[in-house]
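Sequence lines, in order, name chains A and B.
Under the working numbering, the first residue of the first sequence carries the number 26, and numbering increases by one thereafter.
Under the working numbering, the first residue of the second sequence carries the number 7, and numbering increases by one thereafter.
Encoded as structure tokens, the structure appears first; notes follow it.
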Amino acid sequence: KAGVTQTPRYLIKTRGQQVTLSCSPISGHRSVSWYQQTPGQGLQFLFEYFSETQRNKGNFPGRFSGRQFSNSRSEMNVSTLELGDSALYLCASSKRTDRVTEAFFGQGTRLTVV
Amino acid sequence: AQKVTQAQTEISVVEKEDVTLDCVYETRDTTYYLFWYKQPPSGELVFLIRRNSFDEQNEISGRYSWNFQKSTSSFNFTITASQVVDSAVYFCALSGVRTSGSRLTFGEGTQLTVNP
């Protein structure tokens, strides 16, 4: 079965712009989590959506937001981009939300802010 | 709070050597899950193994083996007879059922380089 699909793979944006990233989970998985990976901070949890509701949120400013659609696909949005938002954004797909017994990741979207 | 520590930032070995990647964790949860992921240069995190806190049995899968010891809060990963294709960044991760639910807390990662 198809894995987790993230689009686009690469993105270059200018400071102050906004960006939307997309994630399609594995078929049958209803939980989608987002992580930011940077050399300095490592892998950090952004938020998680399950059944179109945000269930869990990390310590990121309000410029980072997300949503989930009825088909479980998820988008995350970053407004007013800053240079420090340059990172690899990874999406993880799971069946359930109350505990992680398995989490499968996509290839990520590499965002560069110039 | 939960924490995962991978003290080895980089490891370099020669092909066919055995190598062990260390992982130490902290959690107040009594039920939790531990994971290892591999991240090749392409960026995707590849799931390797999951262990729950009630199962301390060690596991072997081909050249990979994992040693889980609750007494020392460690979940170490050994690659036997390493190969060049094993070169990647390896992450240990933790999820505590009560405190974090679906959230994974990752270690800093260990860059493994296997030289021919």
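Yeah, the Cβ is synthetic: ideal placement off N, Cα and C, and Gly gets one too.
{"query": "Count the other C-beta atoms from every protein chain shown that fall within 10 angstroms of the C-beta of residue 74 (chain A), then say buried if there are 16 or more, exposed otherwise.", "result": "buried"}
{"query": "Whole-angstrom Cβ separation of residue 95 (chain A) and residue 54 (chain A), contact assumed at under 8 Å?", "result": "Not a contact, Cβ separation roughly 14 Å."}
{"query": "Evaluate residue 16 (chain B) with the Cβ neighbour count: other Cβ atoms within 10 Å of its Cβ, from every protein chain shown; 16 or more gives buried, anything less gives exposed.", "result": "exposed"}
{"query": "Under the assumption that residue 59 (chain B) contacts residue 36 (chain B) (Cβ atoms under 8 Å), give the Cβ distance between them as a whole number of angstroms.", "result": "7 Å"}
{"query": "Please go through the same chain and pick out, in chain order, the residues whose beta-carbon is closer than 7 Å to the beta-carbon of residue 121 (chain A), but skip the five residues on each side of it.", "result": "56"}
{"query": "Would you say residue 39 (chain B) reaches chain A, if we count a Cβ-Cβ gap shorter than 9 Å as a contact?", "result": "yes"}
{"query": "Specify, as a first and last residue, the run of the beta strand (DSSP E) that residue 56 (chain B) falls within.", "result": "52-58"}
{"query": "Assuming the contact rule is C-beta atoms closer than 8 Å, residue 14 (chain B) and residue 28 (chain B) should be a hit. Round their C-beta distance to whole Å, please.", "result": "6 Å"}
{"query": "Apart from the five residues just before and just after residue 95 (chain B), which ones in its own chain have a Cβ nearer than 6 Å to its Cβ?", "result": "45, 115 and 117"}
{"query": "Going along chain B, which residues have a C-beta under 8 Å from residue 27 (chain A)?", "result": "Under the 8 Å cutoff, chain B gives no residues; its nearest Cβ is about 14 Å from residue 27 (chain A)."}
{"query": "Looking at the C-beta of residue 76 (chain A), does it have a partner C-beta in chain B at a distance below 9 Å?", "result": "no"}
{"query": "Could you say if the region 64-75 of chain B and the region 99-110 of chain B meet the contact criterion of at least three C-beta pairs nearer than 8 Å?", "result": "no"}
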